[in-house]
Every structure is written in C-alpha cells, then in structure tokens.
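In terms of the working numbering, the sequence shown is residues 14 to 52.
We put the beta carbon where it would ideally sit given N, CA and C, even for glycine.
A short write-up of the structure that comes next.
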Amino acid sequence: AEVYQDATQWRRLADYNRLDNPLNLQPGRLLQIPYEQRL
14 AEVYQDATQW
24 RRLADYNRLD
34 NPLNLQPGRL
44 LQIPYEQRL
C-alpha cells in the first residue's frame with residue numbers, strides 16, 4: 014500500500030509473491046515489490 018498508494022493492491026501483491034495465505038505472513042519473510050505496471 015505504501016509503494017502503490019493503494020491498500021487494495023495487497024491481494025495482487027500476495028499473488029505475485031505466491032503467498033497461499035497472506036494473513037499468516039511470518040516476520041522476516043522478504044517480499045518482492047514489482048513495478049506497478051507488472052501488477
């Protein structure tokens with residue numbers, strides 16, 4: 014949300030990072046933040 018200025022992008026970001034359940038995201042997990050056009 015901070016990068017894209019749109020909190021609704023969380024699901025697309027989770028899909029991009031292949032997270033089965035983003036609600037169980039563990040501390041220390043590194044996420045890839047793609048350019049907005051790639052979402």
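Residue i, DSSP secondary structure in three states
i: D28; result: helix
i: L43; result: coil
i: Q18; result: coil
i: L38; result: coil
Distance between beta carbons of residue j and residue i, contact taken as under 8 Å
i: A27; j: P40; result: That pair is no contact at about 16 Å.
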